[in-house]
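Everything on this sheet refers to the single structure shown next.
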Amino acid sequence: PAVEPFQGFLSAAARDGSEATEDEAPEHLNVMTDGSVGLCRRGSVAAVDPVGNLATDTLGDLFALVRDRHRAAVRTMASGACPECRFWAACLGGARLDAFSQNAPLGNPGPWCEARRIFVERYLEPITGVVFR
Numbered sequence: 035p036a037v038e039p040f041q042g043f044l045s046a047a048a049r050d051g052s053e054a055t056e057d058e059a060p061e062h063l064n065v066m067t068d069g070s071v072g073l074c075r076r077g078s079v080a081a082v083d084p085v086g087n088l089a090t091d092t093l094g095d096l097f098a099l100v101r102d103r104h105r106a107a108v109r110t111m112a113s114g115a116c117p118e119c120r121f122w123a124a125c126l127g128g129a130r131l132d133a134f135s136q137n138a139p140l141g142n143p144g145p146w147c148e149a150r151r152i153f154v155e156r157y158l159e160p161i162t163g164v165v166f167r
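Structural data, given as C-alpha cells:
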C-alpha cells in the first residue's frame with residue numbers, strides 16, 4: 035500500500051539518487067483560514083515563507099510559485115553537503131524550515147536528517163530489502 039513515509043522513501047530508492055531533481059516539487063499547498071498559502075504548515079503559521087493568497091492568486095499561480103520556491107531550495111541544497119549523502123534522493127535536503135527553526139541558515143539540512151537516516155538504515159532497508167545507493 036502507498037503509505038507515507040514509506041512510499042516516498044521507496045520511490046526515491048528506486049531512482050537510486052542519481053535522478054533526484056529540482057523538478058520534484060511538492061504536490062500540495064497549505065491554506066490557512068485567512069486564505070494565505072504556504073509550502074507547509076509551519077511556514078504558513080510562522081509567516082516565514084508565504085507563497086500567496088487564494089483571494090488574490092489563482093491555484094495555477096500558487097502551484098507555480100511553490101515549484102519555483104522548491105527548485106530554488108533544491109539548487110541551494112545541491113551546492114552543499116547533502117548531495118554526498120546516499121539519502122539525497124529521499125529528502126532533497128529535508129524541510130528547510132526545520133533548519134531555520136533551529137537558528138541555522140534556511141539552506142541547511144534540517145535537524146531531522148539524522149532521524150531519517152536512522153529510520154531508513156535500521157527499519158526501512160532491513161524490512162523491505164530496498165537499499166539506497
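Under this note's numbering, residues 35 to 167 are what the sequence shown spells out, in order. Virtual Cβ for every residue (Gly too), placed ideally from N, Cα, C. Just so it is clear, the structure is predicted and the values come from calculations on it, not from any experiment.
Contact between Leu88 and Val100 is ruled out by a C-beta separation of about 13 Å, above the 8 Å threshold.
Around the C-beta of Asn142, 16 or more other C-beta atoms lie within 10 Å, and the residue is accordingly described as buried. Distance from the CA atom of Leu158 to the CA atom of Pro145, rounded to whole angstroms, is 20 Å. If you draw a straight line from the Cα of Ala47 to the Cα of Phe134, it comes to about 27 Å.
Secondary structure of Gly72 (DSSP, three-state): strand. Shown here for Phe166: same chain residues with a beta carbon closer than 6 Å to its own, the five before and five after excluded, namely Ala47, Arg120 and Phe121 in chain order. In the structure shown, Pro143 adopts coil according to DSSP, grouped into three states. Gly86 sits in a strand when the DSSP states are folded into three classes. Across the structure, Thr92 and Glu155 are spaced so that their CA atoms are roughly 42 Å apart.
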